[in-house]
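Participant:
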Amino acid sequence: MKYNRKVDFPIFASSPHVYLDSAATTHKPEVVIRAMADFYRNHYGTVRRGLYQLSAQATRIYEETREQIARFLNAKESAEVVFTSGATEGINLVAESFLKHRLQENDEIVISILEHHANFIPWQQLARENKARLIILPLDQHGEIDLTALKNVLSPKTKLLAIGHVSNVTGGINPVRQMIELAHTAGVPVLIDGAQSIAHLKIDVQDLDCDFFAFSGHKVYGPTGIGVLFGKKKWLEEMPPYRYGGEMILEVTADYSRFKNPPHRFEAGTPNIAGVIGLKAALAYVSSLDLAQIHTYEKQITDHLTQELRRSGVRIIGAPMERSSVVSFLVDDIHPHDVATILDSQNIAVRAGHHCAQPLMRYLNIPATVRASVGWYNDLEDVEQLIKGIIYTRKVMQ
Amino acid sequence: MKYNRKVDFPIFASSPHVYLDSAATTHKPEVVIRAMADFYRNHYGTVRRGLYQLSAQATRIYEETREQIARFLNAKESAEVVFTSGATEGINLVAESFLKHRLQENDEIVISILEHHANFIPWQQLARENKARLIILPLDQHGEIDLTALKNVLSPKTKLLAIGHVSNVTGGINPVRQMIELAHTAGVPVLIDGAQSIAHLKIDVQDLDCDFFAFSGHKVYGPTGIGVLFGKKKWLEEMPPYRYGGEMILEVTADYSRFKNPPHRFEAGTPNIAGVIGLKAALAYVSSLDLAQIHTYEKQITDHLTQELRRSGVRIIGAPMERSSVVSFLVDDIHPHDVATILDSQNIAVRAGHHCAQPLMRYLNIPATVRASVGWYNDLEDVEQLIKGIIYTRKVMQ
Amino acid sequence: MKGTDLYHPLILKHNKNPLHFKVDNDGDKINAYNPICGDEFQIVISIENNKINKASFHGYGCAVSKSALDLLLDRIQNLDIPEAVAEIEKYLRVIELDDPPSSDVYSLAVFQKVKFHPARRECATLGANAILRHLRERLV
Amino acid sequence: MKGTDLYHPLILKHNKNPLHFKVDNDGDKINAYNPICGDEFQIVISIENNKINKASFHGYGCAVSKSALDLLLDRIQNLDIPEAVAEIEKYLRVIELDDPPSSDVYSLAVFQKVKFHPARRECATLGANAILRHLRERLV
Ligand SMILES: Cc1ncc(COP(=O)(O)O)c(C=O)c1O
Ligand SMILES: Cc1ncc(COP(=O)(O)O)c(C=O)c1O
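Top to bottom, those sequences are chains A, B, C and D.
For what it's worth, our numbering labels the leading residue of the first sequence as 7, then goes sequentially.
For what it's worth, our numbering labels the leading residue of the second sequence as 7, then goes sequentially.
For what it's worth, our numbering labels the leading residue of the third sequence as 1308, then goes sequentially.
For what it's worth, our numbering labels the leading residue of the fourth sequence as 1308, then goes sequentially.
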């Protein structure tokens, strides 16, 4: 089994390295790279605008991808799928087009201390601008989001709950289903930041009953520059456009404009067509493997990783009840940046820093962590290499 | 010479067709397609975040591309180059981050009736929201933007002039240098929508002295999903962020955030890294040809096209003094959509419709036009085919 | 003619010489407008005893929208409202949902070729949708 | 050790046993903080007769930021302010602009390897930039 799952990913042939930073971005299987190159070489055309065949084809594939994504997420219909440039844009879109107009002075937005900056700053700034309050849920003694705290803060003033599905620092899988239920009972809509779950957990937006779900293509074996925002139709329909330009309008006069229905209302200008083609190939790749299988496999690797790390005596940050494919740790008192640079000299790629989660770092009272994260292409050998690398790091820094 | 310039573009080998819709989007040379595939296959990593070599390399190429673009536009420094998802986003960014905060009730924004929706609706909506006025410059008797009208409207109330460099309907090259001078004399900053000029004219933002210049990669032989906004440093520095997320912050606490300097302040989240790599290859391709040579060559083709169209008795829309590579026309009383569909049956790709310029269409009192636009890969044979196609169209529809 | 070609002789004929293209103000006025392509027709349908006994249109549109509307008007003439609604719905299923045309869609089946020209789908349905909306309102 | 490796023995030595790492409150206090990586040092420089006669630091940082600061303090000790400014500028040119190190940058040249680790450049310059800013202010 050693290394054979890496054959789908050309990077491991050309640059043999232990890649343990899939939480930042995933490598791309050949089918994804080829789908985009093939599109540019043989079928390129713009979407929606053209009456000729290349454009008609491109439009068809573009809209078929939307349907495929709707199925992938189990959305009710493809009109609930909006193409964005990534999770960050998806979340900003909801802040701008959904929440801004609903937010009154003294209203409240609820997030958690675990959030990535992408699901933190947009709400912080929106709250600021509208004299609303940002409520940050703390962690309980197990390092999980405190559900009692959530229950206590939900009120008629709460206008949105925005929560990451999986923490990109601790790897903890948050009980989003339960949180959504609590929020809905209080009449509060919920956005799920799915950046860290999309490649690892089966997502069913109807079962979750989330109001919005945002993710990035590049974290699920797809290209950069493309992402998806799922939004319940009833919300999308009442939301004003996010940006203005071509392809999102029905009619423009000197005085007023009328806009298309969702999802096109939110897709101004020429979209990232090749990005959509690449995402289509990436989701087909993931579907062909089956997310349940991916999850089982990755869990095995991650459990082994956690266990070996623990055995090697490093300090693991957070002990989530359910862990996805991410582990953060500290090696003695060696600065995480030094650990990552020395591991890099051994061709091991991990991340070190605050992981765009400065509030969490401050909360945990650590300036940074080393983070190892697992993708489909990782194997037990990678774990072994990492542990060896940590031993080497200690030797260098002793 | 017949067809040999097409060899750089694989699409013409796999799908032999007469492509006269480069104003909508350009086909990609093999060097661009390969640069992106090579990046994903051999060098993929995320930017800025990683301490390991793949990420360091990606970051280096990403920032080198910024420098290359600064040179391409002759910007003073690379910090004036912001990566966007396209011209549409660039213009929306200026509306949101630059103009919104400066716009008071009864202030004025000046555009022209020639503008593409991307450079029309953002200003219309911003004016609406802020009870400001949108002033739309008319055309003079030659179909050019009326400069006297511009002089007359500029006043201390004018907060921005936003003008397309080249009309995507008439192909007219607007006297933007003169307009910028007039505007600056009145103390008014100027945004140039460069979507239609970037692939055809040498751009020198210092010589133009424009305050902002926006374009899309996909119209200059580059990939979809990537674009550039040039902005003068003094403006970018005073502008608040456009979107919030990772990589654009210095510090985030529960209560406040501090943001990076431009350009990174405007690039929240994981950027379209492969798009940047592709754009780099596209601009290198264009530079290797030399824009002056491209312009001379395209002018020759476009002049021939205009002349042959005229000879064939179609009605050409607009008679700009200086024409870029775009010609709009009407074939007798045949509906433009019918013309385009019948031409498509002859493997000729042209565009028909309002070209995202409904206000101009209404102004000219025509519902739509047929548009043929020329790129570097077109040749005299393409013109001949189009003329034959028009004759065929007439035969079908007679 | 290729299998994907849109311009069936019947379309060209009804574009050039539509049967119902005239200005007639005698009946229900229906406006069919597609801002995206600028096509706009004024349709007039006169209904007596719940039956469409006269139908005409004028305005501006492409060969597809014009001939489709002309053929549709011809088809629903002399039908009562529920029959006309059923007829139009049947047609729209062929065009919008790619249902196979049953023999009784008659000549209108020529428009199914728009499936190879997705941007033209709305041309084939512009008039039909406007009339359908109007007739449904009358039914309530 | 590969040519790109960052951790020169000198860096490791000064990380482990810095010469100037102590808490000393006697002098100008300078804060060097990089919010992006969380590194933060309190630097104390005592200046007499325009000359740096004592320098120390404490706080938290990586091996690179810590050793770079330690070596730099060692280097500028006993210099007068303009000399120290010139010295730091020379060093920053090597690190930030990839200038070839002249022989008189001495041991600090080991940090030029950060050019292979762009994300670490700021580690090598964190202390230097803070001190430079402070000394320039004193010069005015
Ligand atoms: C003049 C003009 N401005 C702006 C745009 C918008 O460009 P994009 O759709 O790539 O954002 C276009 C392209 O359609 C254009 O022709
Ligand atoms: C939890 C979480 N949310 C949001 C993001 C932002 O994703 P992107 O940078 O692709 O927009 C990330 C990725 O860094 C993440 O880990």
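Note that beta-carbon positions come from the ideal geometry of N, C-alpha and C, so glycine has one too.
R316 of chain B by DSSP, collapsed to three states: which one?
Facilitator: Correct three-state label for R316 of chain B: helix.
Participant: For H171 of chain A, collect the residues of the same chain with a Cβ closer than 6 Å to its Cβ; drop the 5 residues on either side in sequence, then sort them by chain order.
Facilitator: Contacts found: V182, I198, G200, S203.
Participant: Starting from the C-beta of F15 of chain B, find all residues in its chain whose C-beta is less than 6 Å away, skip the five residues before and the five after it, and write them out in chain order.
Facilitator: These residues qualify, in order along the chain: H33, P35, Y383.
Participant: In the DSSP assignment, find the beta strand (DSSP E) that holds S20 of chain A and state where it starts and stops.
Facilitator: Note, S20 of chain A: premise wrong, no beta strand (DSSP E); alpha helix (DSSP H) at 17 to 20.
Participant: Could you check the C-alpha separation between L26 of chain A and Y227 of chain A for me, to the nearest Å?
Facilitator: When rounded, the distance between both Cα atoms is 14 Å.
Participant: Does any heavy atom of ligand 2 sit closer than 7 Å to the C-beta of C1369 of chain D?
Facilitator: No, ligand 2 has no heavy atom inside 7 Å of this Cβ.
Participant: Out of curiosity, what's the CA-to-CA distance linking K1336 of chain D and R1443 of chain D?
Facilitator: So the two alpha carbons sit approximately 14 Å from each other.
Participant: Any Cβ of chain C within less than 8 Å of the Cβ of L57 of chain A?
Facilitator: L57 of chain A counts as touching chain C.
Participant: Can you tell me which residues form a DSSP beta bridge with Q1349 of chain D?
Facilitator: Paired residue(s): D:N1338, D:H1365.
Participant: Assuming I348 of chain B is part of the alpha helix (DSSP H), what are its boundary residues?
Facilitator: Run containing I348 of chain B: 342 to 351, per the alpha helix (DSSP H) assignment.
Participant: Excluding the five sequence neighbours on either side, which residues of its own chain have a C-beta within less than 6 Å of the C-beta of E114 of chain B, listed in chain order?
Facilitator: The residues are R139, I141, K163, T164.
Participant: Please name the residues in the segment 246 to 280 of chain B whose beta-carbon is closer than 8 Å to at least one beta-carbon of chain G, in chain order.
Facilitator: Reference to chain G is not applicable here, since the protein chains of this structure are A, B, C and D.
Participant: Does the Cβ of S379 of chain A have 16 or more other Cβ atoms within 10 Å, making it buried, or fewer, making it exposed?
Facilitator: Buried is the call here.
Participant: How many whole angstroms separate the CB atoms of A189 of chain A and A93 of chain A, which I take to be in contact at a CB cut-off of 8 Å?
Facilitator: A189 of chain A to A93 of chain A, Cβ: 20 Å. No contact.
Participant: Would you grab the beta carbon distance between I279 of chain A and T230 of chain B for me? Rounded to a whole angstrom, and I think it's under 8 Å.
Facilitator: Rounded, the Cβ-Cβ distance is 5 Å, consistent with contact.
Participant: Just to be sure I understand the criterion: a residue counts if its Cβ is closer than 5 Å to at least one heavy atom of ligand 1. Which residues meet that?
Facilitator: Result: A:G275, A:T276, B:G92, B:A93, B:T94, B:H122, B:A124, B:G170, B:N174, B:D199, B:A201, B:Q202, B:S222.
Participant: Hey, quick one: how far does the beta strand (DSSP E) through F335 of chain A stretch, first residue to last?
Facilitator: Element bounds for F335 of chain A: 332 to 336.
Participant: Thinking C-beta only, is D210 of chain B closer than 8 Å to G237 of chain B?
Facilitator: For G237 of chain B and D210 of chain B, no; Cβs fall outside 8 Å.
Participant: Can the beta-carbon of A1370 of chain D be found less than 8 Å from the beta-carbon of L1415 of chain D?
Facilitator: No, these two residues do not count as a Cβ contact at 8 Å.
Participant: Rounded to a whole number of angstroms, what is the C-alpha to C-alpha distance between K1401 of chain D and H206 of chain A?
Facilitator: It should be noted that the sequence gives Val, not Lys, for residue 1401 of chain D. Going by the C-alpha atoms only, they are around 44 Å apart.
Participant: Taking Cβ positions, are L370 of chain A and I307 of chain A nearer each other than 8 Å?
Facilitator: For L370 of chain A and I307 of chain A, no; Cβs fall outside 8 Å.
Participant: Cβ-heavy atom distance between G231 of chain A and ligand 2 below 7 Å?
Facilitator: Checking every heavy atom of ligand 2 against the Cβ of G231 of chain A, none is found closer than 7 Å.
Participant: Classify N1360 of chain C as helix, strand or coil using the three-state DSSP reduction.
Facilitator: Here N1360 of chain C sits in strand by DSSP.
Participant: Kindly confirm or deny that the segment 68 to 75 of chain B and the segment 251 to 260 of chain B touch, where touching means at least three C-beta pairs closer than 8 Å.
Facilitator: No contact exists between the segment 68 to 75 of chain B and the segment 251 to 260 of chain B.
Participant: May I ask you to check if the CB of K225 of chain A is nearer than 7 Å to at least one heavy atom of ligand 2?
Facilitator: Checking every heavy atom of ligand 2 against the Cβ of K225 of chain A, one is found closer than 7 Å.
Participant: With a floor of 3 residues, list each beta strand (DSSP E) that falls wholly inside the segment 151 to 227 of chain B, ordered by position along the chain.
Facilitator: Taking only runs of at least 3 residues, the beta strand (DSSP E) segments lying wholly in the segment 151 to 227 of chain B are 164 to 170, 196 to 199, 218 to 222.
Participant: Span of the alpha helix (DSSP H) holding E257 of chain A?
Facilitator: Not the alpha helix (DSSP H): E257 of chain A falls in the beta strand (DSSP E), residues 255 to 258.
Participant: Specify the secondary structure class of Y303 of chain B as computed by DSSP and reduced to three states.
Facilitator: Reduced to three states, the DSSP call for Y303 of chain B is helix.
Participant: Would you mind telling me which residues of chain A sit closer than 7 Å to L1313 of chain D, beta carbon to beta carbon, in chain order?
Facilitator: By Cβ distance, chain A contributes T347.
Participant: Hey, quick one: how far does the beta strand (DSSP E) through S379 of chain B stretch, first residue to last?
Facilitator: It spans 375 to 379 - the beta strand (DSSP E) in which S379 of chain B sits, taken as one unbroken run.
Participant: Tell me whether H1424 of chain D is buried or exposed, calling it buried when 16 or more other Cβ atoms sit within 10 Å of its Cβ.
Facilitator: Label assigned to H1424 of chain D: buried.
Participant: Would you please state the rounded distance, in angstroms, between the beta carbons of I322 of chain B and V333 of chain B? I believe it to be under 8 Å.
Facilitator: Sure, about 6 Å apart at Cβ, within 8 Å.
Participant: A85 of chain A to P268 of chain A, Cα distance in whole Å?
Facilitator: Their Cα atoms are separated by approximately 6 Å.
Participant: Residues of chain B with CB closer than 8 Å to the CB of H1424 of chain D, please, in chain order.
Facilitator: Within 8 Å Cβ-Cβ: L57, A62.
Participant: Would you call K1420 of chain D buried or exposed, if buried means 16 or more other Cβ atoms sit within 10 Å of its Cβ?
Facilitator: Flag for K1420 of chain D reads buried.
Participant: Pull up the distance between the alpha-carbon of L1404 of chain C and that of A1431 of chain C, whole angstroms please.
Facilitator: Using only the alpha carbons, I get a separation of about 13 Å.
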